[in-house]
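The opening position of the sequence shown corresponds to residue 1 in the UniProt record's numbering, with each subsequent residue numbered one higher. Data first, discussion second: the structure below is written as structure tokens.
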Amino acid sequence: TSLTIDGIVYVVDAGFSKQKVYNPRIRVESLLVSPISKASAQQRAGRAGRTRPGKCFRLYTERDFMKELDEQTHPEILRSNLANIVLELVKLGIKDLVRFDYVDTPAPETLMRALELLNYLAALDDDGNLTTLGGIMAEFPLDPQMAKMLIVSPEFSCSNEILTIVAMLSVPTIWLRPPNQRREADAAKALLTIPDGDHLTLMNVYNNYQQNVHDRNWAWNNYLSQRGLQQADNVRAQLQRNMERFEIDLVTTTDPKRLYENIRRALVCGFFMQVAHKEGEKGSYVTVKDNQVVNLHPSSRFGLETQPEWVIFNEFVLTTKPYIRTVSEVRPGWLLEYARQYYDLSSLPDGEAKRALARVLNRQSRKRTAVDGRLSKGKGIRPSKKAQRGQGSVQPGIEDAMSRLGL
């Protein structure tokens, strides 16, 4: 940052930073601790002594600085999920994404994954053209997955709650856990926890914050970041203006049990690509599409009384081992209901998750057969609203579009 903070005299530089790195093969964005560049080290040193004499203490050797650190930080476009960028470029009418004059050209595989994601989200059609939904998604300052989730949430009568959850996911973590008060912080967090998952817990925290907004000590007493909650409030207000602009209704459901289920259904509509299935009794999970072994992050375990069979996650974190963070319980039937094309069994790797989905599919098939049998006997059954509305899945066939785009 170029912001000058008055009064800074000493800077301690550990030589590392947390960076988001997107892996297109497993389709997840990981938070990695990486060495900084020489340019970043110089910038950190520049924080000290701007308005008065100061010093920077580097916790690494001069040899490490000269030999180990890169000259410049790796460009963000080369280590990020490009779905947002691709959506914006298509909106601007740019068709040839490979030959576009980027300052730093991303890998074709990353572009392909971005196109694939946007097609599954129904933001692009099979020819790579922007859909009506995609045009609205492009107007929201959000990742496409969160934008899709927010736009479709009125169908589940929970847009007011999804708006809150998206705002909370858009700011840095609001949980404070001082080293000498971890037990107290964990106890305070437990009081705000909703057993169904971390997304609902974030919603509950925001709602409680709003009820105590005039109590300046409420956030501090509950080991929460006052600044983070205020940022979430500002983001929520901005997103609400966008929703009003596109006449997206703010609605809710009064029955808490039904509301919590509807929220998790809406989450699946946006994050169906980020689902993990519990394997064995050791508590580890495997991502459904890519067979990546992961574990629930310790900060997420408070959001679940027991480890469920299926979870949807917001973030993949690689520290001592691969973790998934901000998780909520989902049902396998929802994956087939809202993302049938993505969860085509023929494209899934062999494993317990595939077998579990096959069992769900067989149950659904037997149920449909029974319904058809009753209809053939003249016992008319009125189709449900879900059946009338359709599966809501998206078409993945964009190979021709990718070919035309040079991928």
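Ideal Cβ positions, reconstructed from N, Cα and C, are used throughout, including at glycine. Bear in mind the structure is a predicted one, so any value in this text is a computation, not a measurement.
{"Item": "Spatial neighbours of P383 in its chain, beta-carbon cut-off 6 Å, leaving aside the 5 residues before and after", "Value": "For P383, the predicted structure reports a pLDDT of 41, less than 50, and the residue's modelled location is therefore unreliable. The matter cannot be settled from this model."}
{"Item": "Residue closest to E68, alpha-carbon to alpha-carbon, out of A232, K38 and R265", "Value": "K38"}
{"Item": "Inter-residue spacing [alpha-carbon to alpha-carbon] between P75 and T173", "Value": "25 Å"}
{"Item": "Minimum C-alpha distance to residue 408 - residue among A276, S328 and V205", "Value": "The structure shown does not extend to residue 408, since the chain is modelled only from 1 to 407, so the question has no answer here."}
{"Item": "Within 8 Å, strictly: CB atoms of T326 and E315", "Value": "yes"}
{"Item": "Reference A114; option with closest CA among P24, T51 and F57", "Value": "P24"}
{"Item": "Residue from T61, D6, V33 and R63 with nearest C-alpha to G46", "Value": "D6"}
{"Item": "P106, DSSP secondary structure in three states", "Value": "coil"}
{"Item": "C-alpha distance - P179 paired with A185, whole-angstrom precision", "Value": "10 Å"}
{"Item": "Length of the line joining the Cα atoms of E155 and L82", "Value": "28 Å"}
{"Item": "For G270 and M149, believed in contact at Cβ under 8 Å, the rounded distance", "Value": "3 Å"}
{"Item": "C-alpha gap between Y61 and S30, whole angstroms", "Value": "Looking at the sequence itself, residue 61 is Thr, so the reference to Tyr does not match. For T61 and S30, the distance between alpha carbons rounds to 28 Å."}
{"Item": "Beta carbon of L318 nearer than 8 Å to that of L336", "Value": "no"}
{"Item": "H199, buried or exposed, once every other Cβ within 10 Å from all chains shown has been counted against 16", "Value": "buried"}
{"Item": "Contact check, Y338 vs F272, beta carbons under 8 Å", "Value": "yes"}
{"Item": "For P53 and M146, the rounded distance between their alpha carbons", "Value": "46 Å"}
{"Item": "Whole-number beta carbon distance between S157 and T73, since they are thought to touch under 8 Å", "Value": "The pair is not a contact, with the Cβ atoms about 45 Å apart (cut-off 8 Å)."}
{"Item": "Rounded straight-line distance, which links the Cα of K95 to that of Q240", "Value": "31 Å"}
{"Item": "Limits of the alpha helix (DSSP H) - the one that D186 falls within", "Value": "R182 to L192"}
{"Item": "Candidates N262, L361, V330 and Y323: closest to Q341 by CA position", "Value": "L361"}
{"Item": "For C56, the three-state DSSP class (helix, strand or coil)", "Value": "strand"}
{"Item": "Anticipated Cβ contact below 8 Å, A276 with V268, distance rounded", "Value": "With a Cβ gap of about 13 Å, A276 and V268 do not count as contacting."}
{"Item": "Expected contact under 8 Å - CB spacing of L348 and V288 to nearest Å", "Value": "7 Å"}
{"Item": "Anticipated Cβ contact below 8 Å, I151 with I136, distance rounded", "Value": "6 Å"}
{"Item": "Buried/exposed call for D101, threshold 16 Cβ in 10 Å", "Value": "exposed"}
{"Item": "Nonlocal neighbours in the same chain, by C-beta distance under 8 Å from D143, ignoring five residues either side", "Value": "N81, A83 and N84"}
{"Item": "Pairwise C-alpha distance: Q307 and M203", "Value": "21 Å"}
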